[in-house]
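Residue numbers for the sequence shown follow the numbering used here, beginning at 11 and rising by one.
Heads up, the beta-carbon is just placed ideally off N, CA and C, and yes, glycines get one too.
As the structure is a computational prediction, the values presented were derived from the model and not from experiment.
Below: the structure, in C-alpha cells.
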Amino acid sequence: MQRAWVGVILCVIAMIGLPQNPASAQVPETQAPVGWDIGIVYADGASEEDPIMLEEDDRSIKFWIRNDFLVDIEVDLDYDGNLGQPNGEQLVIVSSGSNDTFTLEFDYDPWNVEGGFVGNFRIRGSMTALGPVQIPTYNPYEEVEGEVMNPNLHRWDVLINHIEHTISAGTEFNLKIHFWNMGNTPDAIASITVEDDCPVLSVDESPLQDATNQVVVPYLRTWTNEYNGEGFGVSTTLVFDASSTHPTRLCEIEVTARSSGVANGGLGDSSNKGETVVNVEARPVGAQVDQDEADVGDNDGPQNQDQVTRDNFLGFPSLFTPLAIASAAWFQSRRN
11 MQRAWVGVIL CVIAMIGLPQ NPASAQVPET QAPVGWDIGI VYADGASEED
61 PIMLEEDDRS IKFWIRNDFL VDIEVDLDYD GNLGQPNGEQ LVIVSSGSND
111 TFTLEFDYDP WNVEGGFVGN FRIRGSMTAL GPVQIPTYNP YEEVEGEVMN
161 PNLHRWDVLI NHIEHTISAG TEFNLKIHFW NMGNTPDAIA SITVEDDCPV
211 LSVDESPLQD ATNQVVVPYL RTWTNEYNGE GFGVSTTLVF DASSTHPTRL
261 CEIEVTARSS GVANGGLGDS SNKGETVVNV EARPVGAQVD QDEADVGDND
311 GPQNQDQVTR DNFLGFPSLF TPLAIASAAW FQSRRN
C-alpha cells in the first residue's frame with residue numbers, strides 16, 4: 011500500500027514540475043485546483059502594499075496555509091526577519107480541502123525601537139508529507155514575504171532633584187524638575203500638575219507653561235548614528251513657599267506630566283509622575299512670624315510685645331507715691 015502511495019506522490023511531483031504551455035496550463039473553471047499555497051492575513055482595507063502595524067501588547071501577524079490536495083499535508087515552517095526574533099509553529103498538518111490560520115510573533119521590545127520603523131519578514135513552508143507518505147528528498151516549498159511597522163509609543167520620565175537638608179518654615183525652596191521623553195517617537199507634554207499633602211505649602215506654577223508643548227525627540231535616538239544632538243527633554247524650576255506657620259512634617263510632592271501624543275489618540279502612557287519628599291521643620295515657639303501674616307486677623311491688642319510688657323508695669327510708680335506720703339505722716343504723728 012505504501013509503495014502505491016509513493017508512486018502517486020512521485021507522479022504528482024513530476025506533473026507539477028513539468029513545463030506546460032499556456033494552452034495546456036489553462037484549468038477549466040469547473041475543475042478544482044490541486045496543490046497548496048501560503049499567504050498573509052491582512053486586516054480589512056489593508057493590502058500587501060502596506061506594512062502591518064504592530065501594537066505594544068500584540069506584536070504578531072496571521073498567515074494561512076491552504077491545502078487543495080485530496081489528502082492531508084505536513085508542512086515544515088521556517089521564519090526569517092529583521093525586527094526581533096520571529097517565532098511560530100515549526101511543523102503543522104493541514105487537512106485536505108482546508109485553509110488553516112497560524113500566528114507568527116515577533117519577540118522584541120517595541121520601546122527600544124523607534125516608532126515607524128518598518129521591518130521585513132519571510133515565511134517559508136516546505137511540504138514534508140502528503141497523506142501518510144513522507145517525502146524524504148524533494149520538498150516542494152511555498153513562501154511569502156511581508157512588512158511590519160513598529161508602533162509609535164509615548165512615555166515621559168519625570169525626574170525631581172531631591173533636597174537632602176531640612177526646610178525651615180517661613181522660607182522658600184527650589185525644586186529642579188526634568189522631563190525626559192522615554193517613548194520611541196517625538197512627543198510634547200500637554201499639561202503638568204503639581205500636588206502635595208502639606209497644609210500650608212504653596213508653589214508658583216507659572217514656569218510650567220514653558221515646559222509644555224515643546225516637541226522633543228525620544229531618548230533612545232541618542233543611541234543611534236542618526237542623533238544630531240537634539241534635546242530629548244525639557245527642564246524647569248519651581249519655587250515653593252513654606253509658610254511660617256507650617257508644622258514639622260514630611261511633605262510628599264508629586265509632579266504629573268501628560269503626553270500630547272496619547273491625548274491625540276496615540277499609544278503608550280497617558281500620564282507619568284515623579285515624586286519627592288521634603289522635610290519641613292516648624293519655627294521655634296515665640297519666633298517672629300512673617301510680617302504679612304502678623305497683619306492678618308482681627309487682633310485689637312498691641313502689635314509690639316515689648317510695649318505690652320512695659321505697659322504692664324507703668325502703674326506701679328503712681329501707686330508708691332501716695333503710700334509713701336501716708337506712711338510719712340503716720341510716723342510723724344507718732345513721734346509728736
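So, using beta-carbon positions, are V158 and I62 closer together than 7 Å? The residue given as residue 158 occupies position 148 in the sequence shown. The residue given as residue 62 occupies position 52 in the sequence shown. For V158 and I62, yes; Cβs fall inside 7 Å.
With a Cβ-Cβ cutoff of 7 Å, do G271 and H172 count as a contact? Working through the sequence shown from its first residue, we reach residue 271 at position 261. Working through the sequence shown from its first residue, we reach residue 172 at position 162. With contacts defined as CB atoms closer than 7 Å, G271 and H172 fail to qualify as a contacting pair.
Please return the same chain residues whose Cβ sits closer than 6 Å to the Cβ of N223, not counting the five positions on each side in sequence. Within the sequence shown, residue 223 is the residue found at index 213, counting from 1. Once the five neighbours on either side are set aside, the close Cβ partners of N223 are A198.
Inter-residue Cα distance where the pair is F242 and D67: Your numbering for residue 242 matches position 232 in the sequence shown. Your numbering for residue 67 matches position 57 in the sequence shown. About 25 Å.
Between the Cα of T368 and the Cα atoms of F131, G125, T181, which residue gives the shortest distance? Because the chain in this structure spans residues 11 to 346, residue 368 falls outside the shown range and cannot be described.
Under the three-state DSSP convention, the category N31 falls into: Here residue 31 is taken as the residue at index 21 of the sequence shown, counted from 1. In this prediction, N31 scores a pLDDT of 41, lower than 50, which makes its location untrustworthy; the coordinate-derived value is nonetheless stated afterwards. Coil, per DSSP.
To the nearest angstrom, how far is the alpha carbon of I133 from that of T234? As a working note, residue 133 is residue 123 in the sequence shown. As a working note, residue 234 is residue 224 in the sequence shown. If I take the Cα positions, the gap works out to 29 Å.
Flag this pair as touching only if the segment 49–62 and the segment 79–90 have three or more C-beta atom pairs under 8 Å; answer yes or no. Between the segment 49–62 and the segment 79–90 there are fewer than three inter-stretch CB-CB distances shorter than 8 Å, so the stretches are not counted as touching.
Which residues in the same chain have their Cβ closer than 6 Å to the Cβ of I187, if we skip the five residues on either side of it in sequence? Here residue 187 refers to the residue found at position 177 of the sequence shown. Annotation for I187: I170, T246, V265 place their beta carbon closer than 6 Å to its own, counting only its chain and skipping 5 residues before and after.
Among I145, T258, S253, P228, nearest to V244 - alpha-carbon criterion: Within the sequence shown, residue 244 is the residue found at index 234, counting from 1. Out of I145, T258, S253, P228, P228 has the C-alpha closest to the C-alpha of V244.
Pop quiz: D78 and W46 are said to be a contact at Cβ under 8 Å. What is the actual Cβ separation, rounded to whole angstroms? In the sequence shown, counting from the first residue as 1, residue 78 sits at position 68. In the sequence shown, counting from the first residue as 1, residue 46 sits at position 36. Yes, they are in contact, since the Cβ atoms of D78 and W46 sit about 6 Å apart, within 8 Å.
Is the Cβ-Cβ distance between I177 and V290 less than 7 Å? Start at 1 with the first residue of the sequence shown, and residue 177 comes out as number 167. Start at 1 with the first residue of the sequence shown, and residue 290 comes out as number 280. For the 7 Å CB-CB criterion, I177 and V290 form a contact.
Under the assumption that F112 contacts V102 (Cβ atoms under 8 Å), give the Cβ distance between them as a whole number of angstroms. Translated into positions along the sequence shown, residue 112 becomes position 102. Translated into positions along the sequence shown, residue 102 becomes position 92. The Cβ separation is near 7 Å, so the contact holds.
Closest residue to F183 among D214, E153, G98 (Cα-Cα distance): Against the sequence shown, residue 183 aligns to sequence position 173. Answer by Cα proximity: D214.
Cα-Cα, which of G126, N92, C208 is closest to Y118? Position 108 of the sequence shown, counted from the start, is the residue given in the question as residue 118. Of the listed residues, the one whose Cα sits closest to Y118 is N92.
Which partner residues does V204 have in the DSSP bridge list? Along the sequence shown, one-based indexing puts residue 204 at 194. The partner list for V204 (beta bridge, DSSP) reads V265.
The alpha helix (DSSP H) spanning A273 covers which residue range? Position 263 of the sequence shown, counted from the start, is the residue given in the question as residue 273. First-last of the alpha helix (DSSP H) with A273: 270–273.
Contact set for V51: own chain, Cβ-Cβ below 8 Å, skip 5 residues either direction: Within the sequence shown, the letter at position 41 stands for residue 51. Cβ neighbours of V51 beyond the five flanking positions: I71, K72, F73, W74, T111.
Rounded to a whole number of angstroms, what is the C-alpha to C-alpha distance between S108 and A267? Residue mapping note: residue 108 aligns to position 98 of the sequence shown, counting from 1. Residue mapping note: residue 267 aligns to position 257 of the sequence shown, counting from 1. The alpha-carbon atoms of S108 and A267 are separated by roughly 52 Å.
Less than 6 Å between C-beta atoms, sequence neighbours within five positions excluded: which residues of the same chain meet that for G49? Position 39 of the sequence shown holds residue 49. Excluding residues within five positions, the ones whose Cβ falls inside 6 Å are W74, V154.
Does the beta-carbon of I26 have 16 or more other beta-carbons within 10 angstroms, so that it is buried, or is it exposed? The residue you call residue 26 lines up with position 16 of the sequence shown. Only weak support is given to the placement of I26: the predicted model assigns it a pLDDT of 44, under 50, and the question is left unresolved by the model.
Among all the DSSP beta bridges, which residues are the ones paired with L163? As a position in the sequence shown, residue 163 is number 153, starting the count at 1. Among the bridge pairs identified by DSSP, L163 is matched with L277.
Here's a check: name, in chain order, each residue in its chain whose Cβ is nearer than 7 Å to the Cβ of A139, leaving out the five neighbours to either side. Residue mapping note: residue 139 aligns to position 129 of the sequence shown, counting from 1. Close CB contacts of A139 within its chain, under the 7 Å cut and outside five residues either way in sequence, are with I83, E84, I145 (chain order).
Span separating the alpha-carbon of G129 from that of G156: Residue numbering aside, residue 129 sits at position 119 when the sequence shown is read from its first letter. Residue numbering aside, residue 156 sits at position 146 when the sequence shown is read from its first letter. Cα-Cα distance, rounded: 9 Å.
Taking DSSP as the reference, what is the three-state secondary structure of T319? Here residue 319 refers to the residue found at position 309 of the sequence shown. Reliability fails at T319, whose pLDDT of 35 lies under 50, so the model's placement of it is uncertain and no value is given.
Quick check: the Cα distance between M192 and I263, rounded to an integer number of angstroms? One-based indexing of the sequence shown puts residue 192 at position 182. One-based indexing of the sequence shown puts residue 263 at position 253. So the alpha carbons of these two residues sit roughly 22 Å apart.
Would you mind giving the Cβ-Cβ distance between N162 and G135, rounded to the nearest angstrom? I have them listed as a contact below 8 Å. The residue you call residue 162 lines up with position 152 of the sequence shown. The residue you call residue 135 lines up with position 125 of the sequence shown. Distance from N162 to G135 at the Cβ level is roughly 33 Å; contact not present, criterion being Cβ atoms closer than 8 Å.
Within 10 angstroms of the Cβ of V225, are there 16 or more other Cβ atoms? Answer buried if so, exposed if not. On the sequence shown, position 215 is the one that residue 225 refers to. By the neighbour-count criterion, in which 16 or more other beta carbons inside 10 Å mark a residue as buried, V225 falls on the exposed side.
List the whole-angstrom C-beta distance separating W190 from D167, where the pair is believed to meet the contact cut-off of C-beta under 8 Å. In the sequence shown, residue 190 corresponds to position 180, counting from 1. In the sequence shown, residue 167 corresponds to position 157, counting from 1. Yes, W190 and D167 are in contact; Cβ-Cβ is about 4 Å, under 8 Å.
What does E291 pair with, by DSSP beta-bridge criteria? Numbered from 1 along the sequence shown, position 281 holds the residue referred to as residue 291. In the DSSP assignment, the residues bridged to E291 are S178.
Restricting to Cα atoms, I'd like to know which of N194, Y151, Q100, V295 is closest to T258. Numbered from 1 along the sequence shown, position 248 holds the residue referred to as residue 258. Measuring from the Cα of T258, the nearest candidate turns out to be V295.
For D251 versus S216, is the C-beta spacing smaller than 7 Å? In the sequence shown, the residue the question calls residue 251 occupies position 241. In the sequence shown, the residue the question calls residue 216 occupies position 206. Taking 7 Å as the Cβ cut-off, D251 and S216 do not qualify as a contacting pair.
Is the beta carbon of L260 sitting closer than 7 Å to the one on V287? Start at 1 with the first residue of the sequence shown, and residue 260 comes out as number 250. Start at 1 with the first residue of the sequence shown, and residue 287 comes out as number 277. Contact flag set, yes.
Give the straight-line distance between the Cα atoms of E152 and S105, rounded to the nearest whole angstrom. Along the sequence shown, one-based indexing puts residue 152 at 142. Along the sequence shown, one-based indexing puts residue 105 at 95. The alpha-carbon of E152 is positioned some 17 Å away from that of S105.
Quick one: what does DSSP say A139 is sitting in, helix, strand or coil? As a working note, residue 139 is residue 129 in the sequence shown. Taken through DSSP and simplified to helix, strand or coil, A139 comes out as strand.
Limits of the unbroken beta strand (DSSP E) element including Y229: Here residue 229 corresponds to residue number 219 of the sequence shown, with the count starting at 1. Careful: Y229 lies outside any beta strand (DSSP E) and carries neither H nor E.
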